[in-house]
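Novice: Numbered per mature numbering (1 follows the signal peptide of the UniProt record, and there is no 0), the sequence shown spans residues -20 to -1, 1 to 183.
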Amino acid sequence: MSLKRWGNVLAACAILLLTACDVVKLDANGNPMLPKAADSAPGYDNMTPQQIAQQTWQSRVVQAAQDKALDTPAFISSLSASPGSKQSYFLRVTGPVTGEDTQNEREKKITIMVDAKPLLVQIGPVIRGNTIRDAAGFQFEDFTNQVQFAQLSKAYNREAASHLPQVDTAWMGKQVSALLAVTIAQGKVTDAVALSLTEEAAQ
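Right under this line is the structure:
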């Protein structure tokens, strides 16, 4: 059989196979887009860190924080339970605002008293560190594009700052309810970031 005829036979077989199966979508390069297995890792490869942050903010941060945040007693216990380890998680606290650090207008912080101890909390608009990303449970191996993992922290920090109210001197002395992401190491808080801040109604 000639090569030309053999090629025609192969083409005919390919057509028969395609017509017998469901239509498979093709990507921009003409390659088939096969569905991922149910247990495969999320597909972040073609997303920017900002897109990942926006798409997962509600589920991986807000909802997770509302469902899993530690309360103050559990938080105090965690500080002494693992004095040598570093970990990040969500925390819900209520307490008075006793200080405002505005030396750097771009990196504002407030102090909230928690169990009679001051907790310094980043409120932005510029927020630094990996606390939100790590509290949300993202791991280095979740990404084949490791630049995304490194830059996801910045994207989450920007997203957090965009949801926070403007805090000024009028907040001083007020009782607030705060949902936070915190990192502890050596039995101490090394970073705390506000995810939501709400003034408590006056009694």
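All residues carry an ideal CB built from backbone N, CA and C; glycine is no exception.
Being a predicted model, the structure only gives us computed values, none of them experimental.
#1: Do three or more CB pairs link the segment 127 to 137 to the segment 146 to 160 at distances below 8 Å?
#2: Does Gln128 pass the burial test, meaning 16 or more other C-beta atoms within 10 Å, or should it be called exposed?
#3: Grab the span of the alpha helix (DSSP H) containing Tyr136 for me, first residue to last.
#4: Using 8 Å as the cut-off, can you tell me whether the segment 140 to 149 makes contact with the segment 115 to 127, which would need three or more C-beta pairs spanning the two stretches below that distance?
#5: Using 8 Å as the Cβ pair cut-off and three pairs as the minimum, do the segment 53 to 69 and the segment 78 to 90 touch?
#6: I'd like to know whether the C-beta atoms of Ala161 and Val173 end up nearer to each other than 8 Å.
#7: In three-state DSSP terms, what is Gln31?
#8: What's the C-alpha gap between Pro76 and Pro29?
#9: Taking all protein chains shown into account, decide if Gln102 is buried (16 or more other Cβ within 10 angstroms of its Cβ) or exposed.
#10: Quick one: give me the first and last residue of the alpha helix (DSSP H) that Phe55 is part of.
#11: On the DSSP letters alone, give me the boundaries of the alpha helix (DSSP H) that Ala44 sits inside.
#12: State yes or no: is the C-beta of Val94 within less than 8 Å of the C-beta of Val73?
#13: Do you know offhand how far Gln166's Cα is from Lys66's?
#14: Tell me the rounded alpha-carbon separation between Phe70 and Gln119.
#15: Is it true that the CB of Ala141 sits closer than 8 Å to the CB of Ile107?
#16: Keeping to the same chain, check which residues put their C-beta closer than 8 Å to that of Lys48; ignore five residues upstream and five downstream.
#17: For Trp37, which residues in the same chain have their Cβ closer than 8 Å to its Cβ, ignoring the five residues on either side in sequence?
#18: Between the C-alpha atoms of Lys116 and Arg40, what's the straight-line distance to the nearest angstrom?
Specialist: The short version:
#1: no
#2: buried
#3: 126 to 142
#4: no
#5: no
#6: yes
#7: helix
#8: 35 Å
#9: buried
#10: 52 to 61
#11: 44 to 48
#12: yes
#13: 7 Å
#14: 16 Å
#15: yes
#16: Tyr69, Phe70
#17: Tyr136, Glu139
#18: Before going on, a small fix: residue 116 reads as Ala here, not Lys. Cα to Cα, Ala116 sits roughly 6 Å from Arg40.
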